[in-house]
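These notes are about the structure you will find just below.
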Amino acid sequence: VYWPADAALKQPAITKRDLLRYFAQVSPFMLTHLADRPLTMIRMPEGIAGERFYQKHWDPELPPFARKITIFSEHKDERHDYLVCDNLATLLWLAQSGTLEFHVWHSRAKPGPDAATQSTDYSSSLAALESSILNYPDYVVFDIDPYIYSGKEAPGDEPELNTVAFEKGKEVAFALRELLASMSLEAVVKTSGKTGLHVFVPVERTLDFDAARKVSEMVGRHLVRLHPKDVTVEWSVPKRTGKIFMDYNMNVRGKTLNVAYSPRGAPGAPVSMPLTWEELAGAHPLDFRITNAAERLAQTGDRWRDALTRKQSLERALERAKA
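The sequence shown maps to residues 2 to 324 in this note's numbering.
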């Protein structure tokens with residue numbers, strides 16, 4: 002059993018077989034967002050009540066259907082192999098091996114018209130990695146993380162999911178959308194699957210991660226000035242408490258967020274669900290679970306299906322912001 006039955010959340014027991022079935026059902030949508038991106042796995046071989054651990058690198062021999070890429074590590078001054086999950090067989094193999102959450106980089110190892118000049122050498126040296134396509138993100142990311150407590154948490158625990166916090170997070174997401182629109186930038190949104198929201202701005206791959214981080218920080222700090230009682234970019238937990246934390250440091254090469262449609266190791270078996278902005282207004286994270294997400298996708302399709310083709314120029318947006 003991966004998720005024990007939870008009567009309070011109206012959730013039946015969910016087994017590994019149920020999880021594998023879910024991945025098979027949503028794979029046409031999920032693989033679009035996994036493809037060509039270095040993968041970090043969060044493995045929970047005994048389910049959410051057991052041990053969990055992160056795994057970035059893969060040293061054992063791979064099955065013939067799986068693919069890995071070699072990336073230079075600036076922290077260890079050596080090369081490491083990363084898995085790339087771009088087919089159903091790999092997705093199911095990883096799930097069978099205990100991977101419950103799939104987290105990916107914000108950059109891709111695949112060239113395209115928006116990244117025609119970047120190198121595909123990301124393994125020979127740090128300089129090569131910094132000039133490679135993996136140093137140019139597809140998205141500027143805004144991680145909206147409510148630090149509003151329910152009052153039921155144990156001392157030192159992170160805030161648990163609660164309606165007051167999530168509703169405030171939605172207010173901040175809509176304010177962020179409005180601010181981005183003033184820069185002529187369109188954003189897409191998804192539930193994180195836990196307590197927060199992820200707002201992504203699809204961009205042409207012409208500016209590197211350092212530039213994306215600076216833009217995210219600039220926008221985040223401006224949002225703090227507009228809504229000082231509700232939003233913070235402070236790292237100190239006491240200074241965050243009671244506010245929505247905007248983490249601009251997610252815009253760093255190698256940092257990951259859970260991919261769209263990934264399950265989360267949390268009560269209720271929630272998944273990270275892309276939404277329209279209209280849907281967000283009435284949404285709650287536990288509306289989207291392993292038990293109903295495939296049915297929703299059969300009706301709505303992938304709300305983010307155009308995210309990689311609807312690229313925007315961050316450079317032009319910055320020029321307009323300065324003007």
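Every residue, glycine too, gets a C-beta built ideally from N, C-alpha and C. A quick note: this is a predicted structure, and the numbers were derived from the prediction, not measured.
- When DSSP assignments are scanned along the region 86–124, the uninterrupted stretches of alpha helix (DSSP H) that are 4 or more residues long and fall wholly within it turn out to be 89–97.
- The three-state secondary structure of residue 223, taken from DSSP, is helix.
- Residue 79 is bridged by DSSP to 74.
- Ranked by how close their Cα comes to the Cα of residue 143, the residues 172, 217 and 211 have 217 in first place.
- Positions of the alpha helix (DSSP H) runs, each at least 4 residues long and wholly inside the region 206–251, are given as 210–227 and 238–241 in order along the chain.
- Taken atom to atom, the span from the alpha-carbon of residue 88 to that of residue 22 is near 15 Å.
- The C-alpha of residue 18 is placed about 39 Å away from the C-alpha of residue 206.
- Secondary structure within the region 117–167: the beta strand (DSSP E) runs of 3 or more consecutive residues, fully enclosed, are 140–147 (chain order).
- Comparing alpha carbon positions, the residue from 197, 208, 321 and 135 closest to residue 272 is 197.
- In its chain, beyond the 5 residues on either side, 44 have a beta carbon closer than 7 Å to the beta carbon of residue 54.
- Burial check for residue 293: the Cβ neighbour count within 10 Å stays below 16, so the residue is exposed.
- A contact between stretches requires three or more CB pairs, one per stretch, nearer than 8 Å, and the region 92–103 fails this requirement with the region 122–129.
- Taking 8 Å as the cut-off, the Cβ atoms of residue 26 and residue 295 count as close.
- Cβ-Cβ separation between residue 263 and residue 194: approximately 7 Å, consistent with a contact (criterion under 8 Å).
- Counting C-beta pairs with one atom in each stretch, the region 240–251 and the region 273–281 have fewer than three that are closer than 8 Å, which means they do not touch.
- In the three-state reduction of the DSSP assignment, residue 63 falls in the coil class.
- Between residue 321 and the set 287, 230, 184 and 209, the nearest pair of CA atoms involves 184.
- Taking residue 242 as the centre and dropping the five residues before and after it, the same chain places the C-beta of 148 closer than 6 Å to its C-beta, in chain order.
- Looking at the backbone, the Cα of residue 30 and that of residue 306 are separated by about 8 Å.
- Membership of residue 31 in any beta strand (DSSP E) is not indicated; the residue belongs instead to the alpha helix (DSSP H) covering 17–35.
- Membership of residue 300 in the alpha helix (DSSP H) is indicated by the continuous run 294–301.
- In this structure, residue 84 keeps its C-beta atom at 8 Å or more from the C-beta atom of residue 110.
- One Cα belongs to residue 73, the other to residue 40, and the distance between them is close to 15 Å.
- Taking every protein chain shown into account, the CB of residue 179 has fewer than 16 other CB atoms within 10 angstroms, so this residue is exposed.
- Between residue 63 and residue 69, the C-beta spacing is below 8 Å.
- Check the Cα spacing between residue 312 and each of 100, 236, 204 and 239: the tightest is with 204.
- Here residue 90 is exposed. Its C-beta has fewer than 16 other C-beta atoms within 10 Å.
- Residue state for residue 307 is assigned as coil, using DSSP reduced to three classes.
- In the DSSP assignment, residue 7 forms a beta bridge with 12.
- Assigned with DSSP and collapsed to three states, residue 190 falls in strand.
- Residue 161 places its beta carbon less than 8 Å from that of residue 153.
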